[in-house]
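These notes are about the structure you will find just below.
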Amino acid sequence: MSESRDVKVLGVWASPFVMRARIALNLKQVSYDFLQETSFLTEKSELLLKSNPIHKKVPVLIHNEKPICESLVIVEYIDDVWTSAPSIFPCHPHDRAIARFWAAYIDEKWFPSMKGISTAQGKGAKKAAIDQVIEGLVLLEEAFVKSSKGKPFFGGEQIGYLDIALGCFLAWLRVSEKMHGVKLLDQAKTPGLVKWAERFCEDPAVKGVMPETDKLLEFAKILFAKMRANLPK
Amino acid sequence: MILKHFHKLNHISQILLSEMSGLKLHGAWVSPFVFRVKWALKLKGIPFEYIEEDLYNKSKMLLHYNPIHKKVPVLVHGGKPICESMLIIEYIEETWPQNPLLPNDPYEKALARFWVKFADDKGPAVFKVYKSRGEELEKAKEESLEILRTVEKHGLGDKKFFGGEEIGIVDIAFGWMVHWLGAMEEVGGVKLLESDEFPRLHAWINNFKEVHVIKENLPDHHDLVAHLKVLRERLLGQSSS
Chain A
1 MSESRDVKVL
11 GVWASPFVMR
21 ARIALNLKQV
31 SYDFLQETSF
41 LTEKSELLLK
51 SNPIHKKVPV
61 LIHNEKPICE
71 SLVIVEYIDD
81 VWTSAPSIFP
91 CHPHDRAIAR
101 FWAAYIDEKW
111 FPSMKGISTA
121 QGKGAKKAAI
131 DQVIEGLVLL
141 EEAFVKSSKG
151 KPFFGGEQIG
161 YLDIALGCFL
171 AWLRVSEKMH
181 GVKLLDQAKT
191 PGLVKWAERF
201 CEDPAVKGVM
211 PETDKLLEFA
221 KILFAKMRAN
231 LPK
Chain B
1 MILKHFHKLN
11 HISQILLSEM
21 SGLKLHGAWV
31 SPFVFRVKWA
41 LKLKGIPFEY
51 IEEDLYNKSK
61 MLLHYNPIHK
71 KVPVLVHGGK
81 PICESMLIIE
91 YIEETWPQNP
101 LLPNDPYEKA
111 LARFWVKFAD
121 DKGPAVFKVY
131 KSRGEELEKA
141 KEESLEILRT
151 VEKHGLGDKK
161 FFGGEEIGIV
171 DIAFGWMVHW
181 LGAMEEVGGV
191 KLLESDEFPR
201 LHAWINNFKE
211 VHVIKENLPD
221 HHDLVAHLKV
231 LRERLLGQSS
241 S
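Residue numbers (the UniProt record's numbering), protein chains in the order written: chain A, 1 to 233; chain B, 1 to 241.
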């Protein structure tokens, strides 16, 4: 297993994007060093600034001293390098295109709408933000039904690219539900995803990496307080 | 007369070949995103039928194929739609591997995908220059210059193209810098890409425009400027100076 000689992930335990890289490595049973940015909210490490000079963000995968940035690019790289283990991407080009499409939707439209719940000012805006997140989840429910074809995951029998792309947000989703007293993943509107979420979190590749909701909730409170303090008056 | 028939026959044979490959591209002549897909298909020599969409009166087919974003380009292959320009190109690359647009090596591939994402994420920020004014325009200029400086410093190195000696997926992703940026600068009344600050990007733009497929497939500059002026007026109101 000479490929696993030098694999590091630069990240923070709370970040869903970092989780993507870790889940992918776990699926491939590749051991890695998890180098945590300890002062992430205040100061970024030398290694991070050197490895990702353009965005200065986590995750960064460092493989044989070479940095790879952007969580979904990292997942694809992992699938390209460790080919003997289960495939993360679907086989057929059209299925791959659909998986990529929904992953892009999650990152460009759905995740920003999730963030929108926390930044919404006033009851009306908050409700609108919540409705938007739920609408997105309903679309993802349809995508799940089409993609899984009755099997447990978007990727079929096993966790795949789209499972990783969405599943990494489950802890934050639960935090959002607790913080705002709402049900986002709901049995009535998204029954498939409710069951999928349970299976995803129970998967061995995910279990050690998904933060506990209460721990994340505490972290979220500190994070939002800091963000509010930093807002221009 | 003979030339006219030749062009007609060539056009008919293209349609017949595209019927066989079952490829249709829904697009709009102004869109740099549509051109990305056109370039990729032509670089690989893949015949396709092109369907021009009126973006103010989108066809039922387009809305059926892309219900989430309702945008062009959409590539339809054997009746199945693929949306989002750079995702379409990944699909094209996987389905027709000749004249590869992505490097073989996984690390080089990851680097290419990083820059594709950068080009895709940051393009819209640069486009703001043609449709802003006053303080917003100043902000858009600053942001755009930062973006261009990043690409100048980190993106190209000493290579002729982002793809090396031949153009690749990253060159295609940055294609908006070639014709559209100049038109937007003109309409917005700004100059971003000065040759002394951006020698590498300037050289790249000239090299890119000389590639046969690109040269033969660019929108008319005057038409583009005129169109962007109309869009700017629509967005900013009649007093758009």
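Don't be surprised by glycine CBs; every beta carbon is placed ideally from N, CA and C.
Outcome for residue i when other beta-carbon atoms lying within 10 angstroms are tallied against a minimum of 16
i	result
Thr190 (chain A)	buried
Val18 (chain A)	buried
Cys83 (chain B)	buried
Glu166 (chain B)	exposed
Val206 (chain A)	buried
Pro67 (chain B)	exposed
Leu235 (chain B)	exposed
Gly189 (chain B)	exposed
Lys209 (chain B)	exposed
Lys131 (chain B)	buried
His179 (chain B)	buried
Asn26 (chain A)	buried
Opening and closing residue of the alpha helix (DSSP H) in which residue i lies
i	result
Ile78 (chain A)	71-81
Asp171 (chain B)	169-173
Lys178 (chain A)	170-180
Tyr105 (chain A)	93-105
Ser118 (chain A)	111-119
Asp163 (chain A)	161-167
Met61 (chain B)	60-65
Pro32 (chain B)	32-43
Leu27 (chain A)	16-27
Asp105 (chain B)	Element bounds for Asp105 (chain B): n/a, residue is neither H nor E.
Thr150 (chain B)	134-150
Glu194 (chain B)	That residue, Glu194 (chain B), is in no alpha helix (DSSP H); it is neither H nor E in DSSP.
Gly124 (chain A)	123-148
CA-to-CA distance, residue j to residue i, given in whole angstroms
i	j	result
Lys141 (chain B)	Val126 (chain B)	8 Å
Lys109 (chain B)	Leu102 (chain B)	6 Å
His64 (chain B)	Asp107 (chain A)	23 Å
Lys128 (chain B)	Arg199 (chain A)	44 Å
Lys149 (chain A)	Glu142 (chain A)	11 Å
Lys57 (chain A)	Trp102 (chain A)	23 Å
Gly122 (chain A)	Lys226 (chain A)	20 Å
Val12 (chain A)	Ala85 (chain A)	26 Å
Met210 (chain A)	Glu146 (chain B)	36 Å
Ser147 (chain A)	Pro106 (chain B)	26 Å
Asp131 (chain A)	His180 (chain A)	13 Å
Leu48 (chain A)	Leu156 (chain B)	22 Å
Lys229 (chain B)	Lys71 (chain B)	21 Å
Pro199 (chain B)	Lys127 (chain A)	50 Å
Gln36 (chain A)	His55 (chain A)	17 Å
Glu233 (chain B)	Glu218 (chain A)	49 Å
Lys215 (chain B)	Asp171 (chain B)	14 Å
Ala104 (chain A)	Gly156 (chain A)	20 Å
Residue i - partner residues in DSSP beta bridges
i	result
Asp54 (chain B)	Note: Asp54 (chain B) sits in no beta bridge, so no partner.
Lys8 (chain A)	A:Asp33, A:Ile62
Val76 (chain B)	B:Lys24, B:Pro81
Pro219 (chain B)	DSSP output for Pro219 (chain B) lists no bridge partner at all.
Phe153 (chain A)	A:Gly156
Gly164 (chain B)	B:Phe161
Glu49 (chain B)	B:Lys24
Pro67 (chain A)	A:Ile62
6 Å CB neighbourhood of residue i in its chain, flanking five on each side removed
i	result
Asn64 (chain A)	Asp6
Limits of the unbroken beta strand (DSSP E) element including residue i
i	result
Pro81 (chain B)	80-83
Lys160 (chain B)	That residue, Lys160 (chain B), is in no beta strand (DSSP E); it is neither H nor E in DSSP.
Contacts around residue i, its chain only, beta-carbon distance under 8 Å, and the 5 residues preceding and following it disregarded
i	result
Thr213 (chain A)	Ala171, Arg174, Val175, Lys178
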